[in-house]
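Protein chains: 2
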Amino acid sequence: MNALSAEELEARLRDIGARRYHRLHPFHKLLHGGACSKGQVQAWALNRYYYQAMIPIKDASLIARCDDPATRREWRSRLVDHDGTREGEGGIARWLKLTDGLDLDRDYVVSLRGLLPGTRFAVDAYVHFVREKALLEAIASSLTELFSPAIIGERMEGMLKNYDFVTAETFAYFSQRPPQAERDSRFALDYVKQHARTPEAQQSVLAALEFKCDVLWAMLDALYHAYVAPKEVPPGAFVPKD
Amino acid sequence: MNALSAEELEARLRDIGARRYHRLHPFHKLLHGGACSKGQVQAWALNRYYYQAMIPIKDASLIARCDDPATRREWRSRLVDHDGTREGEGGIARWLKLTDGLDLDRDYVVSLRGLLPGTRFAVDAYVHFVREKALLEAIASSLTELFSPAIIGERMEGMLKNYDFVTAETFAYFSQRPPQAERDSRFALDYVKQHARTPEAQQSVLAALEFKCDVLWAMLDALYHAYVAPKEVPPGAFVPKD
Chain A
166 MNALSAEELE ARLRDIGARR YHRLHPFHKL LHGGACSKGQ VQAWALNRYY
216 YQAMIPIKDA SLIARCDDPA TRREWRSRLV DHDGTREGEG GIARWLKLTD
266 GLDLDRDYVV SLRGLLPGTR FAVDAYVHFV REKALLEAIA SSLTELFSPA
316 IIGERMEGML KNYDFVTAET FAYFSQRPPQ AERDSRFALD YVKQHARTPE
366 AQQSVLAALE FKCDVLWAML DALYHAYVAP KEVPPGAFVP KD
Chain B
166 MNALSAEELE ARLRDIGARR YHRLHPFHKL LHGGACSKGQ VQAWALNRYY
216 YQAMIPIKDA SLIARCDDPA TRREWRSRLV DHDGTREGEG GIARWLKLTD
266 GLDLDRDYVV SLRGLLPGTR FAVDAYVHFV REKALLEAIA SSLTELFSPA
316 IIGERMEGML KNYDFVTAET FAYFSQRPPQ AERDSRFALD YVKQHARTPE
366 AQQSVLAALE FKCDVLWAML DALYHAYVAP KEVPPGAFVP KD
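Quick note, the sequences are listed as chains A and B, same order. Under the numbering used here, read the first sequence as residues 166 to 407, first letter to last. Under the numbering used here, read the second sequence as residues 166 to 407, first letter to last.
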């Protein structure tokens with residue numbers, strides 16, 4: 166097996182996104198197309214909160230494995246984006262504005278009591294992956310951000326149009342994310358193209374992105390099973406009122 | 166065993182510093198008193214570089230274990246202090262100005278090839294402690310910073326007076342540290358006083374600070390053995406020219 170050129174590697178990574186990113190999941194089609202009940206949108210936001218809350222922990226875990234101050238500095242901006250610089254700022258706080266806007270009790274959301282086990286296991290698998298795999302694979306697993314600006318555009322447009330319980334203010338999280346995701350994914354893509362030179366390293370990078378797509382996909386599988394069909398909510402998880 | 170009051174706990178922590186902080190180590194007395202050769206000062210700076218280089222990795226490891234965004238934000242300032250906001254800034258870069266000023270080759274310092282095994286094991290033990298113990302213990306282990314402003318004052322005065330190969334510019338690292346150490350140790354001390362309420366938790370906090378004092382002490386034991394008496398440099402470690 167020969168090594169791919171940097172351009173071929175990028176094309177292979179983008180192809181994974183085209184085939185496996187959660188934008189293609191049936192739950193996202195329902196969500197963006199206006200076919201979800203308010204309870205289903207609540208369940209999505211509540212479960213996604215755990216992903217948001219664990220992202221800085223994932224990113225700090227990556228920084229903690231990184232010998233190079235320049236890479237640590239670059240990755241540190243992700244901590245700033247998610248945790249903010251003071252109380253009430255940053256991505257996690259903005260996500261809680263979304264769950265507030267959906268009339269979910271904030272203490273209940275933050276307590277994680279209503280979380281689907283499938284969400285928890287998928288998110289925790291991501292954190293463990295970043296802690297345990299090679300640094301190159303940890304960085305590559307962030308590359309789903311290459312595909313997120315498009316999905317965020319679709320989501321904002323579709324959800325604002327289709328749900329009267331969603332407002333632009335509630336959606337402040339999404340208006341901030343695309344430029345951050347573009348900056349971060351550009352850095353990670355350049356890093357991967359520069360550091361994955363052997364066939365083995367390139368395969369590990371492709372597998373890392375597939376893994377991450379699996380994480381996001383599994384989160385939506387769990388939501389679909391519990392709240393769309395067969396609507397089997399696991400014991401203890403959030404039960405919508407409608 | 167009854168729980169200590171917050172004030173009693175603080176007094177016990179300060180007592181550990183008074184008895185076990187590395188300011189009391191024979192090597193520090195030689196270093197600050199002007200009794201070291203240039204080669205011994207080089208060996209100290211070279212070995213201490215590894216500690217400096219691992220501090221952001223230790224701090225990111227702590228952030229990675231921390232569920233609370235406010236504590237993560239507070240601890241993030243330590244990453245900023247050590248890694249800086251751009252190339253050439255921050256505590257690690259300033260430490261390399263010190264090793265430059267001591268005429269050590271920068272590539273050699275950064276390569277860690279000349280490091281004493283005793284330094285490596287002590288520093289790595291600190292990182293592992295922070296990764297593996299309870300968050301409260303990880304935070305408590307940073308409390309040697311309560312005692313560092315005093316030692317830094319002594320060090321700057323003593324070394325600038327006693328060594329003609331040390332300049333104030335070379336010592337830029339130390340002029341920056343005291344206000345950072347005061348801010349950080351105040352936060353950590355408040356955290357520990359607030360969170361260590363049971364006798365068991367308080368004992369774990371006291372043990373964590375003793376552990377950290379042991380780390381710093383063991384680093385100087387290794388230096389003393391290799392470069393003062395019996396001057397037995399382990400195979401592969403830095404050999405001074407004078």
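All C-beta atoms, glycine included, are put in the ideal place defined by N, C-alpha and C.
- prompt: Is the beta carbon of B/Tyr392 less than 8 Å from the beta carbon of B/Gln205?
  reply: Numbered from 1 along the second sequence, position 227 holds the residue referred to as residue 392 of chain B. Numbered from 1 along the second sequence, position 40 holds the residue referred to as residue 205 of chain B. Result yes, Cβ atoms of B/Tyr392 and B/Gln205 sit closer than 8 Å.
- request: Identify every run of the alpha helix (DSSP H) within the segment 274-344 of chain A, keeping only runs that are complete inside it and at least 4 residues long; order them along the chain.
  value: 282-297, 300-305 and 313-327
task: Please report the residue range of the alpha helix (DSSP H) in which B/Asp232 lies.
output: Against the second sequence, residue 232 of chain B aligns to sequence position 67. Taken as a continuous stretch (DSSP letters only), B/Asp232 belongs to no alpha helix (DSSP H), as it is neither H nor E.
message: Please classify B/Gln359 as buried or exposed, where buried requires at least 16 other C-beta atoms within 10 Å of its C-beta.
response: Position 194 of the second sequence, counted from the first residue, corresponds to residue 359 of chain B. That one is exposed.
message: I'd like the span of the alpha helix (DSSP H) that includes A/Tyr186, first residue to last.
response: Your numbering for residue 186 of chain A matches position 21 in the first sequence. A/Tyr186 -> no alpha helix (DSSP H), and no H or E assigned at all.
Cβ contact (3+ pairs, closer than 8 Å) linking the segment 348-358 of chain A and the segment 279-291 of chain A: no
- request: Note down, in chain order, each residue of its chain lying with its Cβ closer than 7 Å to the Cβ of B/Arg362, except the 5 sequence neighbours on either side.
  value: The residue you call residue 362 of chain B lines up with position 197 of the second sequence. For B/Arg362, where only same-chain residues beyond five positions count, the Cβ hits under 7 Å are Ala168.
query: Residues of chain B with CB under 8 Å from A/Asp248, in chain order?
result: Sequence index remark: in the first sequence, residue 248 of chain A carries index 83 (1-based). Within chain B, the residues near A/Asp248 are Pro234, Arg237, Arg238 and Arg241.
message: Run through chain A and tell me which residues come within less than 8 Å of B/Glu297, C-beta to C-beta.
response: For this step, residue 297 of chain B is matched to residue 132 along the second sequence. Within 8 Å Cβ-Cβ: nothing; B/Glu297 doesn't reach chain A, min ~13 Å.
- prompt: If contact means a Cβ-Cβ distance below 7 Å, which residues of the segment 200-222 of chain B contact chain A?
  reply: Pro221 and Ile222
task: Kindly indicate which three-state DSSP category B/Leu269 falls into: helix, strand or coil?
output: Sequence index remark: in the second sequence, residue 269 of chain B carries index 104 (1-based). Residue state, collapsed to three classes: coil.
message: So, does the segment 213-226 of chain B touch the segment 245-262 of chain B, judging by three or more C-beta pairs under 8 Å?
response: yes
task: Could you list which residues in chain A have their beta carbon closer than 7 Å to that of B/Ser226, in chain order?
output: The residue labelled residue 226 of chain B in the question sits at position 61 within the second sequence. What B/Ser226 touches in chain A: Ala229.
query: Going along the segment 250-261 of chain B in order, which residues come within less than 8 Å of chain A, judged by CB to CB distance?
result: Thr250, Arg251, Glu252, Gly255, Ile257 and Ala258
query: Any C-beta of chain B sitting closer than 8 Å to the C-beta of A/Leu174?
result: Taking the first residue of the first sequence as 1, we reach residue 174 of chain A at position 9. By this cut-off, A/Leu174 is not an interface position.
message: Does the segment 228-245 of chain B come into contact with the segment 270-281 of chain B, if we say contact requires no fewer than three beta-carbon pairs (one atom in each stretch) closer than 8 Å?
response: no
message: To the nearest angstrom, how far is the alpha carbon of B/Ser313 from that of B/Ala337?
response: Stepping through the second sequence from its first residue, residue 313 of chain B is reached at position 148. Stepping through the second sequence from its first residue, residue 337 of chain B is reached at position 172. Cα to Cα, the separation comes out at about 16 Å.
Inter-stretch contact at 8 Å, needing at least 3 Cβ pairs: the segment 186-204 of chain A / the segment 319-328 of chain A: yes
field: Beta-carbon contacts of A/Tyr389 that lie in its chain and below 7 Å, excluding the five residues immediately before and after
entry: Here residue 389 of chain A is taken as the residue at index 224 of the first sequence, counted from 1. Contacts found: Pro191 and Phe192.
query: Under the three-state reduction of DSSP, which class applies to B/Ser242: helix, strand or coil?
result: Numbered from its first residue, the second sequence carries residue 242 of chain B at position 77. Three-state DSSP puts B/Ser242 in a helix.
query: Which chain B residues sit within Cβ distance under 9 Å of A/Leu301?
result: Position 136 of the first sequence holds residue 301 of chain A. Under the 9 Å cutoff, chain B gives no residues; its nearest Cβ is about 17 Å from A/Leu301.
task: Using a cut-off of 7 Å between C-beta atoms, extract the partners of A/Leu280 located in chain B.
output: Numbered from 1 along the first sequence, position 115 holds the residue referred to as residue 280 of chain A. Neighbours of A/Leu280 on chain B: none; closest Cβ ~14 Å, over 7 Å.
message: Is it buried or exposed, A/Pro400, if we count other Cβ atoms within 10 angstroms and call 16 or more buried?
response: Position 235 of the first sequence, counted from the start, is the residue given in the question as residue 400 of chain A. A/Pro400 is exposed by the Cβ-count criterion.
field: Proximal residues of chain A, C-beta to C-beta of B/Leu325 below 9 Å
entry: Reading the second sequence from its first residue, position 160 is the one you call residue 325 of chain B. Here the premise fails: no neighbours, minimum Cβ distance about 27 Å.
message: I'd like to know whether the C-beta of A/Leu244 is nearer than 8 Å to at least one C-beta of chain B.
response: Here residue 244 of chain A refers to the residue found at position 79 of the first sequence. With 8 Å as the cut-off, A/Leu244 counts as an interface residue toward chain B.
- request: Take A/Arg259 as the anchor and find which of A/Ser340, A/Leu371 and A/Asp379 has the nearest alpha-carbon.
  value: Reading the first sequence from its first residue, position 94 is the one you call residue 259 of chain A. Checked all of A/Ser340, A/Leu371 and A/Asp379; the closest Cα to A/Arg259 is A/Ser340.
Endpoints, alpha helix (DSSP H) assigned at A/Ser202: For the purposes of this step, residue 202 of chain A is taken as the residue at position 37 of the first sequence. From DSSP, A/Ser202 is part of no alpha helix (DSSP H); its letter is neither H nor E.
field: Spatial distance of B/Arg271 from B/Ala210 (CA atoms)
entry: As a first step, residue 271 of chain B must be located in the second sequence, where it is residue number 106. As a first step, residue 210 of chain B must be located in the second sequence, where it is residue number 45. About 12 Å.
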